[in-house]
Amino acid sequence: MTDTALALERLRGGAPPRNHDARTIAALTANPGCARRGVMDAAGVDKDAVARALGFPAQFGQSQFAITRGNAFEAKVKADGCAELLTLLRDRLGLTVPEVSYADLEVVGGNEGRELRYTRTRRLLARALESGEGTLFDHPLLRLDIAGQPAYLEPDVIAFQLGGRFHVIEIKSFAVIDGQAEPDQVAAAARQSAVYVLALRRLVTELGAPADRVSHEVFLVCPENFSNRPTASLLDVRPQLAVLERQLARLTRVDRILETLPDDLTFAPGEALADAVRAVEARYAPECMSTCEMAFFCRDEARACGSTGALGRSVRDDLGGVESIGTALALADGTMEPTPDLAETAAQLRLAARLRREALDGAA
Ligand code: SF4
Numbered sequence: 342m343t344d345t346a347l348a349l350e351r352l353r354g355g356a357p358p359r360n361h362d363a364r365t366i367a368a369l370t371a372n373p374g375c376a377r378r379g380v381m382d383a384a385g386v387d388k389d390a391v392a393r394a395l396g397f398p399a400q401f402g403q404s405q406f407a408i409t410r411g412n413a414f415e416a417k418v419k420a421d422g423c424a425e426l427l428t429l430l431r432d433r434l435g436l437t438v439p440e441v442s443y444a445d446l447e448v449v450g451g452n453e454g455r456e457l458r459y460t461r462t463r464r465l466l467a468r469a470l471e472s473g474e475g476t477l478f479d480h481p482l483l484r485l486d487i488a489g490q491p492a493y494l495e496p497d498v499i500a501f502q503l504g505g506r507f508h509v510i511e512i513k514s515f516a517v518i519d520g521q522a523e524p525d526q527v528a529a530a531a532r533q534s535a536v537y538v539l540a541l542r543r544l545v546t547e548l549g550a551p552a553d554r555v556s557h558e559v560f561l562v563c564p565e566n567f568s569n570r571p572t573a574s575l576l577d578v579r580p581q582l583a584v585l586e587r588q589l590a591r592l593t594r595v596d597r598i599l600e601t602l603p604d605d606l607t608f609a610p611g612e613a614l615a616d617a618v619r620a621v622e623a624r625y626a627p628e629c630m631s632t633c634e635m636a637f638f639c640r641d642e643a644r645a646c647g648s649t650g651a652l653g654r655s656v657r658d659d660l661g662g663v664e665s666i667g668t669a670l671a672l673a674d675g676t677m678e679p680t681p682d683l684a685e686t687a688a689q690l691r692l693a694a695r696l697r698r699e700a701l702d703g704a705a
């Protein structure tokens, strides 16, 4: 085990690492400058459990009803070796899918170990790339580098090989009504699918094949018109792929963050947990509320210390370099002399303060 891997295990307090899924990676790229999230996700820390232990439980995610309904729809589409899915691909999308084989990679000989599953995924996909054989690979376990650390991806998708190219098939439980689905849900599905496409592309290039053996066109399968009958459509995820690659490249390397942290830091439950979390710098922004399990804790912290980030990312960016609201106010009313690098920001703050005063005086 490398020093970094040992340090990440200590951060988890000996708990097994949590697998990433496409939602967590898509969300990670939403705040690439946050060291706290970067280090917790790279270590596979259960952020939901940490937030609960701190008294700030996350309040987002699907309802139990939606999860049960989604699972039932997926089971129906995949029943009998994906018979219904194949009918859909052949009849609705007019694809010629001649011979079909189906391999479920979720469990290997009763063993759910990630290394074993990843090795099997690699082996089967390598064989499929070479021979062109093999059609449906359900639950492939993939790996993607996050902040310099490999993270396992637990995809709930199918890798579908057709004419020597792989496509991701994503099954979602939101409805398509009269050919239209909720744009936000389609956008989220496209972002998540892009994570799988990228991870599959990384795998096929590791196996010596060109990246375009994995198509940027994803098959999205959803229930149709309030029924449980599936319908399929093609999603082009090239824009989402471009954003994802750029954001992942920007993520701070986790070994650099680790160098700045105390050697005995751990996120194990206990009295020192809150201090341990605070020891890693965060970059809270209101967008965290819909993307990160730690959001309530970080918002509380940002408010308590008067961070400009609590006012929104655009405010933080406009105030570039001014980290606290108190400093911004002091620069605005002239009670603080700006350093040379903050001179321009300070001049803008003073101008804004003067305009505000004049507007208020005029109103009075
Ligand atoms: S909620 Fe906290 S840990 Fe999560 S991304 Fe935002 S600042 Fe970082």
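Residue 342 is where the sequence shown starts when you use the numbering used here, and the numbers rise one by one after that. Each residue gets a CB set at the ideal place from its N, CA and C atoms; glycine is no exception. The model shown is predicted, which means the values in this text are computed figures rather than measured ones.
Member of the options whose CA lies at the smallest distance from the CA of residue i
i, options, result
"Asp479", "Leu466, Val380 and Ser655", "Leu466"
"Ala671", "Arg351, Ala688, Gln588 and Asp658", "Ala688"
"Asp695", "Asp674, Thr686, Gly611 and Thr680", "The amino acid at residue 695 is misidentified as Asp; the sequence shows Arg. Among Asp674, Thr686, Gly611 and Thr680, the Cα nearest to that of Arg695 is on Asp674."
"Gly549", "Glu471, Glu425 and Ala346", "Glu471"
"Thr686", "Ala346, Ala407 and Ala669", "Ala669"
"Thr601", "Phe501, Val621, Asn372 and Leu503", "Val621"
"Arg657", "Ala413, Gly475, Ala500 and Leu690", "Leu690"
"Ala609", "Met381, Val545 and Ala376", "Met381"
"Pro373", "Ser556, Val584 and Arg433", "Val584"
"Gly504", "Val545, Asp659, Ala651 and Thr437", "Thr437"
"Ile366", "Ala348, Ala590 and Ala346", "Ala590"
"Met630", "Gly611, Gly653, Cys646 and Ser648", "Gly653"
"Glu586", "Leu429, Gly650, Arg543 and Ala528", "Arg543"
"Ser534", "Arg461, Gln581, Asp682 and Thr409", "Gln581"
"Val578", "Ala348, Ser556, Arg597 and Ile598", "Ser556"
"Leu347", "Asp604, Tyr625 and Cys633", "Asp604"
"Gln526", "Arg364, Arg351 and Ala413", "Arg364"
"Ile598", "Cys375, Leu660, Phe406 and Ala356", "Cys375"
Alpha carbon of residue i to alpha carbon of residue j, nearest angstrom
i, j, result
"Ser655", "Ile666", "14 Å"
"Glu415", "Asp389", "25 Å"
"Lys513", "Pro564", "8 Å"
"Tyr459", "Ala469", "15 Å"
"Leu485", "Ala492", "5 Å"
"Arg464", "Ser574", "30 Å"
"Asp387", "Arg697", "45 Å"
"Phe515", "Val663", "43 Å"
"Pro524", "Ala531", "10 Å"
"Ala693", "Asp344", "50 Å"
"Pro358", "Gly385", "4 Å"
"Pro551", "Arg619", "43 Å"
"Leu426", "Ser404", "26 Å"
"Gly454", "Ala613", "31 Å"
"Pro627", "Met677", "28 Å"
"Gln588", "Glu699", "42 Å"
"Lys417", "Phe567", "15 Å"
"Ala397", "Arg431", "Inspection of the sequence shows that residue 397 is occupied by Phe rather than by Ala. Computed Cα separation, rounded: 48 Å."
"Tyr625", "Thr462", "37 Å"
"Leu446", "Glu456", "12 Å"
"Pro679", "Asp702", "27 Å"
"Thr569", "Ile518", "The identity of residue 569 in the sequence shown is Asn, whereas the question assumes Thr. For Asn569 and Ile518, the distance between alpha carbons rounds to 12 Å."
"Leu332", "Cys423", "Past the edges of the chain, shown from 342 to 705, lies residue 332, and the structure says nothing about it."
Integer Cβ distance of residue i from residue j, believed to fall under 8 Å
i, j, result
"Phe638", "Leu395", "5 Å"
"Ile510", "Val498", "6 Å"
"Glu495", "Leu477", "The pair is not a contact, with the Cβ atoms about 18 Å apart (cut-off 8 Å)."
"Glu642", "Ala617", "That pair is no contact at about 13 Å."
"Met635", "Arg353", "The pair is not a contact, with the Cβ atoms about 15 Å apart (cut-off 8 Å)."
"Ala392", "Ala383", "Not a contact, Cβ separation roughly 18 Å."
"Pro571", "Val562", "5 Å"
"Phe501", "Arg554", "With a Cβ gap of about 13 Å, Phe501 and Arg554 do not count as contacting."
Three-state class that DSSP yields for residue i in the structure shown
i, result
"Glu558", "strand"
"Leu539", "helix"
"Pro491", "strand"
"Asp577", "strand"
"Thr572", "strand"
"Val663", "coil"
"Glu350", "helix"
"Ala500", "strand"
"Val527", "helix"
"Phe637", "helix"
"Ala444", "strand"
"Pro357", "coil"
"Pro627", "helix"
"Gln400", "coil"
"Ser472", "helix"
"Ser648", "strand"
"Ala564", "Note that residue 564 is Pro in the sequence shown here, rather than Ala. DSSP places Pro564 in strand when its eight states are reduced to three."
"Asp604", "coil"
Any non-hydrogen atom of ligand 3 closer than 7 Å to residue i Cβ
i, result
"Cys633", "Among the ligands modelled here, namely ligand 1, ligand 3 does not occur."
Quiz prompt | Inter-stretch contact at 8 Å, needing at least 3 Cβ pairs: the stretch 434-444 / the stretch 537-546 | solution = Taking a cut-off of 8 Å for Cβ pairs, the stretch 434-444 and the stretch 537-546 do not touch, as fewer than three such pairs fall below it.
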